[in-house]
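Count along the sequence shown starting at 1, add 19, and that's the number in my numbering.
C-beta atoms are modelled at their ideal positions from N, C-alpha and C, and glycine is treated no differently.
Note that the structure is a prediction, hence the values are computed from the model and not measured.
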Amino acid sequence: MIRRFLQAPPHRAAAWPRWPLHALRAVPHNGNGEDPDAAMAGPTMTPIFRSREQAFWMFQGFGWLAYAAVRFFHGLTIGWGWDYIDTTMVATVTGFLLTTILRYLYRPIRNRPLAVVVAATILFCGLFALVFSAIEVTAVAWYDPRGIVDLGLFENAMFDGFVLLAWSGLYFGFNYYQQLQAQREATLKAAAMAHQAQLAMLRYQLNPHFLFNTLNAISTLVLAREVDLANRMLTKLAAFLRHTLVNEPNQKVTLEQELNALSLYLDIEEVRFEDRLKTRFDIEERARRALIPSLLLQPLIENAIKYAVAPREEGGLVSLSARIRDRRLELVLSDDGPGLNGTAVGTPGQASSGVGLKNTRARLEEIYGDDHIFRLEPHRPRGLSITISLPCEFPGQKTVRTHAA
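So, in structure tokens, the structure goes:
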């Protein structure tokens, strides 16, 4: 009788009233109704420019206009007079065009080692300075036949070279600043998403439906005088909730630590589902020391239980394997549930409608960018398989970037 009650299908518990989620949320201290999650996420960054392209052309235009003004007034102070305006205009347009070309030459090398960047910059600036000076000297001969403006090819090339070097320094400096800003924003987003993942996990654990099932199972065991089993289940519940509270969401943990947390969670679910929930772990020993984002696997296990085990009277099997291949950590989570229901391989179907899968996909995108794989595909003969491939990283070591195929 007791076992049959604990193994009751999910629809039996659904008859009990569900408490609204906001009842579990703390009231904001400021009392203005502000979303606590948004407050915890921290300030968002507001870019000055809509894009890097817009910023470049704005600085390029105003910069060369300022160059024209300074150069023209300098010519006035040394007595070249208004005859120098033609040469100034030619120099400004030439500088604008040459530095625009330099921009496209610099793009492939701006993330290369510093020595390569410096050498290429000196080479390009030297060659372009000669072109710059030749155009200016030709313009002087054309617009100033009386020789009021005196420009020598190599003497002027030195001045133009310094101008191009200064422009190059500003270009690389601005790009470096933008990269720092992008990295900072990505870090803030990753931390915020990790925090949201932790909050979602806590809400699930504090969801009254989950607590009712777990605590009711414990109560039933106590009434049946199975005190030892009830005590073990309560201890595991407390340990699992404690793990969600003390774990830092913006840090990585070893796969071993993540598996320990999963073990607590599955022990609780196995008491409820008993022989309906079957699990199989195949973890390579080296992979246990690899680092992964904290709270990465639990939402995926939760999704598998929800779709593959809970709706079926006979239950289901949830499997997890971990391997290190070609300096990458490969995780494969599979179940024998309904699967993708005929959708294309690798595209989210009905089984991927869970919030856990969507959050995991977005979180990996923020942390690893293009250097990861998160793929959904049918599991043979039936079910869903989730493949995750991450750069292999161990405690105390830098991430080995191999880029996902």
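Runs of the alpha helix (DSSP H) lying entirely within the region 263–337 and spanning at least 4 residues, in chain order: 274–292, 317–323. Taking a 10 Å sphere around the C-beta of valine 159, we find 16 or more other C-beta atoms and assign the residue as buried. If only uninterrupted alpha helix (DSSP H) runs of at least 4 residues are considered, those enclosed by the region 68–125 are 71–96, 103–125. Taken atom to atom, the span from the alpha-carbon of leucine 278 to that of isoleucine 343 is near 16 Å.
Of the residues Val150, Tyr190, Leu336, Ala249, the one whose Cα lies closest to the Cα of tyrosine 123 is Tyr190.
A direct Cα-Cα distance of roughly 15 Å separates glycine 388 from cysteine 411. Put simply, of Trp76, Glu396, Arg251, Arg129 the residue whose alpha carbon is nearest the alpha carbon of leucine 116 is Trp76.
Taking leucine 409 as the centre and dropping the five residues before and after it, the same chain places the C-beta of Ile311, Arg347, Leu348, Tyr387, His391 closer than 7 Å to its C-beta, in chain order. In the three-state scheme derived from DSSP, where H, G and I count as helix and E and B as strand, arginine 382 is classed as helix. Membership of phenylalanine 393 in the beta strand (DSSP E) is indicated by the continuous run 392–397.
Annotation for leucine 149: Ala176 place their beta carbon closer than 7 Å to its own, counting only its chain and skipping 5 residues before and after. Looking at the DSSP output, isoleucine 343 bridges to Leu348. With contact defined as three or more Cβ pairs closer than 8 Å, the region 76–91 and the region 136–153 are not in contact. Taken atom to atom, the span from the alpha-carbon of aspartate 286 to that of glutamine 197 is near 48 Å. Our two residues, alanine 138 and isoleucine 128, have alpha carbons roughly 11 Å apart in a direct line. Cβ neighbours of lysine 271 within its own chain (closer than 8 Å, five residues either side excluded): Leu310, Ile311, Pro312, Ser313, Glu412.
Counting the other CB atoms within 10 Å of its CB gives leucine 274 a total of 16 or more, which places it among the buried residues.
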